[in-house]
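J.: Numbering of the sequence shown is given in numbering that gives the first Met the number 0, commencing with residue 0 and proceeding in unit increments. Sharing a structure here in structure tokens format.
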Amino acid sequence: MYMTVPETAAFLSMPEEQVNRYVLEGRIRAVHDGEQYLINTSQFESHFQQLEIAKLELEEWRATPIPDDIDIKDED
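What follows is the structure, encoded as structure tokens:
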């Protein structure tokens, strides 16, 4: 599915200027139809999958209890 730059910016929750800059830099692949850039949204699927995996790993890391330090010395 192809979307325009404003639609893609809303989809990615990014400013339009940033999406335009990424298109011109080649960081986002797009097709220019003579009037506007059209962006295929399937290129963002792997990005969203990696983002979800990172969120799950962060939650797992936060849920892991801190182990007791084996080098604790009793000062009594």
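Here a beta-carbon is modelled for each residue, glycine too, at the ideal position from N, C-alpha and C.
Quick one: what does DSSP say residue 63 is sitting in, helix, strand or coil?
T.: Three-state result, residue 63: coil.
J.: If residue 0 sits next to residue 40, beta carbons under 8 Å apart, how far is it from one beta carbon to the other, in whole angstroms?
T.: The Cβ separation is near 5 Å, so the contact holds.
J.: Where does residue 38 sit, in a helix, a strand or coil, going by DSSP?
T.: Residue 38: strand per DSSP, three-state reduction.
J.: Are the CB atoms of residue 42 and residue 28 nearer to each other than 7 Å?
T.: Their beta carbons are under 7 Å apart, which means residue 42 touches residue 28 by this criterion.
J.: Do you know how far the Cα of residue 63 is from the Cα of residue 70?
T.: Whole-angstrom Cα-Cα distance: 20 Å.
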